[in-house]
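Here is the structure we will look at, set down as structure tokens.
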Amino acid sequence: MNSAVITPNENIGPHESYLSAGWNWRSWLLTLDHKRIGILYVISITLLFGIGGAAAAMIRLDLLTPHSQLVSVETYNKLFTMHGVIMVWFFLIPSIPATLGNFLIPLMVGARDLAFPRLNLLSWYLFIFGGLFTIYALVSGGVDMGWTMYAPYSTSFSTSHVFAVATGVFIAGFSSILTGLNFIVTIHEMRAPGMTWFRLPLFIWAMYATSLILVLATPVLAMTLMLMGIERTFGIGVFDPAMGGDPLLFQHLFWFYSHPAVYIMVVPAMGVASEIISCFCRNPVFGYRFMAYAILAIAAFGFVVWGHHMFVSGQSAYAGTVFSLLTFLVSVPSAIKVFNWTATLYKAHISFQAPMLYALGFVGLFTIGGLTGLFLASLGLDVQLHDTYFVVAHFHYIMVGAAVMAFFGGIHFWWPKITGRMYPEGWARFCAILTFIGFNLTFFPQFILGYLGMPRRYPDYPPEFQVWNVLSSAGSSLLAFGYVLPLAYLLWSLKYGARAPANPWGAKGLEWQTDSPPPSENFHTTPIVTEEAYAYSQAESPHA
Amino acid sequence: MTKHAETRPMVYILVWLALMVLLALTVGSAFMPLGRAHTPVNLAISVTQAALVMLFSMHLSAAHPLLRVIALIGFFGIAIMITLSLFDVLTR
Amino acid sequence: MHNNAVAGIAPQFDDAVQQRTAANLGIWLFLATEILFFGVLFAAYAITRVRFPDAFAAASRLTNLPLAGVNTAVLITSSLSMALGVHAARHGARRALIGWLSLTVALGIAFLAIKAVEYRIDYLEHLVPKLDFRYEGSQADQVELFFYMYFFITGVHALHVLIGVGCIATIAVMASHDKFSPAYYTPVDVTGLYWHLVDVIWLFVFPILYLVSRS
Chain A
1 MNSAVITPNE NIGPHESYLS AGWNWRSWLL TLDHKRIGIL YVISITLLFG IGGAAAAMIR
61 LDLLTPHSQL VSVETYNKLF TMHGVIMVWF FLIPSIPATL GNFLIPLMVG ARDLAFPRLN
121 LLSWYLFIFG GLFTIYALVS GGVDMGWTMY APYSTSFSTS HVFAVATGVF IAGFSSILTG
181 LNFIVTIHEM RAPGMTWFRL PLFIWAMYAT SLILVLATPV LAMTLMLMGI ERTFGIGVFD
241 PAMGGDPLLF QHLFWFYSHP AVYIMVVPAM GVASEIISCF CRNPVFGYRF MAYAILAIAA
301 FGFVVWGHHM FVSGQSAYAG TVFSLLTFLV SVPSAIKVFN WTATLYKAHI SFQAPMLYAL
361 GFVGLFTIGG LTGLFLASLG LDVQLHDTYF VVAHFHYIMV GAAVMAFFGG IHFWWPKITG
421 RMYPEGWARF CAILTFIGFN LTFFPQFILG YLGMPRRYPD YPPEFQVWNV LSSAGSSLLA
481 FGYVLPLAYL LWSLKYGARA PANPWGAKGL EWQTDSPPPS ENFHTTPIVT EEAYAYSQAE
541 SPHA
Chain B
1 MTKHAETRPM VYILVWLALM VLLALTVGSA FMPLGRAHTP VNLAISVTQA ALVMLFSMHL
61 SAAHPLLRVI ALIGFFGIAI MITLSLFDVL TR
Chain C
1 MHNNAVAGIA PQFDDAVQQR TAANLGIWLF LATEILFFGV LFAAYAITRV RFPDAFAAAS
61 RLTNLPLAGV NTAVLITSSL SMALGVHAAR HGARRALIGW LSLTVALGIA FLAIKAVEYR
121 IDYLEHLVPK LDFRYEGSQA DQVELFFYMY FFITGVHALH VLIGVGCIAT IAVMASHDKF
181 SPAYYTPVDV TGLYWHLVDV IWLFVFPILY LVSRS
């Protein structure tokens with residue numbers, strides 16, 4: 001890469017950067033710098049992750065015994081609802097896009113900022129505003145209709161703060177839409193000279209596809225929530241069977257958004273994994289073009305499979321068959337990606353720094369999650385497995401095992417770039433392994449529980465299920481450590497970590513061609529791209 | 001992509017005229033005994049009207065292909081939403 | 001470095017062409033979200049109508065076709081005045097621009113006024129679900145559902161008209177303060193696109209609500 005910018009070991013040590021450019025409230029809360037907005041998001045979602053995690057901890061504590069009275073049944077319903085609402089909409093959906101995406105996209109394409117910096121700041125404020133509504137609902141007694149908010153319970157029978165939560169998610173949805181819009185325009189219009197589409201890092205392809213889903217699917221959620229909220233408020237609507245309405249209509253509209261939403265959660269993780277794996281293998285990602293096309297195919301196919309959430313809802317068996325077939329098809333591009341990550345490892349010079357441990361964990365856990373998705377896509381099997389812990393395990397393997405591991409991997413990988421500091425490698429590797437073990441101990445028993453027939457969303461269960469529940473709860477305590485310890489050592493590193501050079505990993509990518517942390521304008525001069533993506537040679541090795 | 005070829009004002013006026021004629025057509029056809037063809041006829045007229053507005057008033061005729069894809073993708077999404085959901089409703 | 005401040009180009013862009021292209025792409029993406037936003041209403045309506053074709057046909061006959069027909073003509077005409085306004089902006093014809101924008105605002109307000117009259121007539125005819133609904137026929141519940149969707153869809157659309165009127169009025173004020181030139185009239189262009197989409201949406205709303213069964 002023609003980087004008439006800096007050489008890798010210059011400018012270590014305190015220097016002017018986006019972090020030193022102003023330290024009062026206004027410079028942060030009114031910033032237009034995508035890097036600072038990324039940090040605002042990191043802080044916000046970490047707080048919300050803590051709340052969602054606390055709900056999970058309560059659930060796992062309650063499930064230690066078959067007939068626990070730790071919390072009342074009503075409270076239990078509220079716990080799993082708030083866990084889902086917060087984790088899906090206020091942690092996972094923004095996680096990689098709004099933090100790493102915001103920070104890295106302009107850097108990776110060679111731009112000075114996103115296309116619309118003020119819209120970017122507005123996105124964050126909308127996110128906070130939506131979060132406040134949701135937290136209001138939480139502190140005034142919670143909501144109990146499940147994160148899926150099905151009618152007619154949500155519209156007619158629940159006495160909890162459904163409207164407040166629906167409003168909070170509605171507002172946060174516009175945050176998503178504006179972020180996606182910003183990303184699409186930036187990637188189309190603001191690439192540096194020489195940065196053609198097929199020289200882009202796969203992280204950018206992943207963010208592009210994610211942004212398409214954000215822009216196209218989220219409006220559907222917004223209007224569906226509005227229909228639900230209005231029906232609840234006025235006591236009349238098209239979901240009400242008493243009037244001849246159809247509760248399944250709500251499910252169709254809800255899942256039309258919510259299935260693509262799961263790809264919003266996992267596709268960015270795939271992008272992160274490609275960046276990390278290629279760097280720590282010193283290899284270009286195998287089959288770059290197939291990887292890019294697979295990302296687009298996942299996004300596209302993701303829009304036509306939503307009925308697989310409704311196999312036993314009363315949906316017609318014929319529609320079920322069509323959705324089942326389409327769901328099998330959407331697994332193909334995902335599988336291609338897993339094969340290609342694996343092939344990238346072949347005859348590679350592999351090193352096992354913490355980001356790589358997280359990325360490898362991602363690949364393995366994504367594979368398990370994806371394969372169990374095929375179990376659920378089979379109509380016959382799903383009749384047995386729907387609404388059991390098998391489903392819970394499946395989606396946690398994807399959303400936590402895959403997406404959160406990749407998120408942590410990305411935070412570690414780009415931590416030197418974002419903060420100018422190195423994290424402590426020993427602790428990071430320990431936490432990666434601890435998280436992997438804790439995760440599997442938490443969720444693998446849940447596959448067994450589901451297969452044995454334990455329903456989800458139930459606080460009580462037959463005593464013969466207890467051993468698996470205890471294993472799961474034990475695992476969740478390990479997992480909690482695995483998540484809290486990084487918070488501690490990452491914060492520690494901000495003051496005491498070794499100062500990072502521009503390119504501590506010897507990675508390819510424009511973001512590594514500028515200082516750590518970068519100047520406010522990202523590059524001292526606009527880079528000109530002359531290399532293909534991932535132009536690694538086997539001779540180099542990562543420094544740190 | 002930005003400097004679309006100049007659309008002369010006369011084109012806008014002709015589009016207006018066409019839209020009014022189509023409006024009269026769609027209202028008029030509602031009073032004719034078309035039976036089950038009413039809905040397809042009305043929708044076809046709406047689609048024609050929308051196409052006229054999007055191609056000429058919204059300058060899609062001279063726009064970069066990417067913009068035309070974005071313009072249509074929303075309708076495509078609605079089509080998927082309605083088609084697959086109706087397939088369920090009609091085959092229960 | 002970048003002397004964008006002089007040329008009126010935002011610092012993240014390299015030149016005016018990039019800025020204009022980005023704005024155009026951005027607004028079209030936003031319009032796509034609006035299409036999908038309304039799409040949910042069309043889907044909910046379509047599915048409910050397929051399940052109760054007779055009730056929806058009977059209900060549709062009770063809607064106010066003359067007022068809605070006039071409103072459609074008003075909106076179509078406002079689309080013309082908006083297009084001519086954008087054309088004027090492109091040629092730096094400030095007075096013409098303000099004139100066409102003002103006419104568009106007036107037509108938009110007329111649309112809302114006629115809509116208000118229509119709603120009032122619906123109320124007097126006891127067609128407002130839950131609030132004041134009386135229907136002496138079969139499938140009264142489903143007829144009430146039709147009117148629920150009718151008020152919901154036309155209400156959300158009217159809200160978009162109101163927002164559009166606000167934006168166009170703001171643009172008109174900006175124009176009177178000489179903010180636009182042939183080199184820079186992006187806000188006019190972008191508002192115009194939004195207004196045309198509001199028109200397009202109505203062109204679908206009108207027949208599916210008002211023309212279900214008139215013969």
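Protein chains in written order, with the numbering used here: chain A, 1 to 544; chain B, 1 to 92; chain C, 1 to 215.
Every residue, glycine too, gets a C-beta built ideally from N, C-alpha and C.
- Residues of chain C with a Cβ closer than 8 Å to the Cβ of Val215 of chain A are, in chain order, Leu29, Ala32 and Thr33.
- Tyr451 of chain A carries a helical assignment under DSSP once its states are collapsed to helix, strand and coil.
- The shortest CA-to-CA distance from Val143 of chain C to any of A:Tyr389, A:Ala354 and A:Gly237 is the one to A:Gly237.
- For Val71 of chain A, the three-state secondary structure derived from DSSP is coil.
- A distance of 7 Å or more separates the beta carbons of Val143 of chain A and Ala151 of chain A.
- Taken through DSSP and simplified to helix, strand or coil, Thr196 of chain A comes out as coil.
- Of all residues in the segment 185 to 206 of chain C, only Leu193, His196, Asp199, Val200, Leu203 and Phe204 come within less than 7 Å of chain B when Cβ atoms are compared, listed by chain position.
- With respect to the C-alpha of Arg90 of chain C, the residue from C:Thr77, C:Pro182 and C:Ala140 having the closest C-alpha is C:Pro182.
- The Cβ atoms of Ala402 of chain A and Ala269 of chain A lie closer than 7 Å to each other.
- Under a 10 Å Cβ-count criterion, Asn283 of chain A is classified as buried, with 16 or more other Cβ atoms of the shown protein chains found around its own Cβ.
- Residue environment: Ala116 of chain C is assigned as exposed (fewer than 16 neighbouring CB atoms within 10 Å of its CB, all protein chains considered).
- Within the segment 168 to 182 of chain C, no residue has a Cβ lying closer than 7 Å to any Cβ of chain A.
- Under DSSP, the beta-bridge partners assigned to Leu127 of chain C are C:Phe133.
- Segment contact: the segment 282 to 302 of chain A against the segment 329 to 349 of chain A, three or more CB-CB distances shorter than 8 Å; contact assigned.
- For Pro260 of chain A, the enclosing alpha helix (DSSP H) begins and ends at Pro247 to Cys281.
- The C-beta of Leu25 of chain C comes closer than 7 Å to at least one C-beta of chain A.
- For Asp141 of chain C, the C-beta contacts it makes with chain A under 7 Å involve Met243 and Gly244, in order along the chain.
- Counting every other CB atom within 10 Å of its CB across the protein chains shown gives Ile86 of chain A a total of 16 or more, marking it as buried.
- Taking the Cα positions, Phe75 of chain B is about 11 Å away from Val47 of chain B.
- Counting every other CB atom within 10 Å of its CB across the protein chains shown gives Gln69 of chain A a total below 16, marking it as exposed.
- Between Phe465 of chain A and Met454 of chain A the beta-carbon gap is near 5 Å, inside 8 Å, which marks them as a contact.
- Spanning the alpha carbons of Thr526 of chain A and Leu41 of chain C requires a straight line of approximately 46 Å.
- Look at Tyr184 of chain C here: in three-state DSSP terms it is strand.
- Put simply, the backbone Cα of Thr83 of chain B is about 10 Å away from that of Val304 of chain A.
- Interface annotation, Leu25 of chain B: not in contact with chain C, CB-CB separation never under 7 Å.
- Counting along the chain, the unbroken alpha helix (DSSP H) around Trp25 of chain A starts and ends at Trp25 to Leu29.
- Closer than 7 Å to the CB of His308 of chain A there is not a single CB belonging to chain B.
- Residue contact check for Gly77 of chain B against chain A: a CB pair falls below 7 Å.
- Under the 10 Å beta carbon count, Asn24 of chain A is surrounded by fewer than 16 other beta carbons and is classified as exposed.
- Its chain contains Asp132 as the residues whose beta carbon lies nearer than 7 Å to that of Tyr123 of chain C, once the 5 sequence neighbours on both sides are disregarded; these appear in chain order.
- With fewer than 16 other Cβ atoms from the protein chains shown falling within 10 Å of its own Cβ, Val139 of chain A counts as exposed.
- Per the coordinates, the alpha-carbon of Phe375 of chain A lies some 27 Å from the alpha-carbon of Leu221 of chain A.
- Within the same chain, Gly307 come within 7 Å of Ala319 of chain A by CB-CB distance, once the 5 residues on both sides are set aside.
- Within 10 angstroms of the beta-carbon of Asp178 of chain C lie fewer than 16 other beta-carbons, which makes it exposed.
- Using beta-carbon distances, Thr21 of chain C counts as an interface residue toward chain A, with a partner under 7 Å.
- Relative to the Cα of Leu441 of chain A, the nearest Cα in the group A:Gly410, A:Ala480, A:Trp414 and A:Ala406 belongs to A:Ala480.
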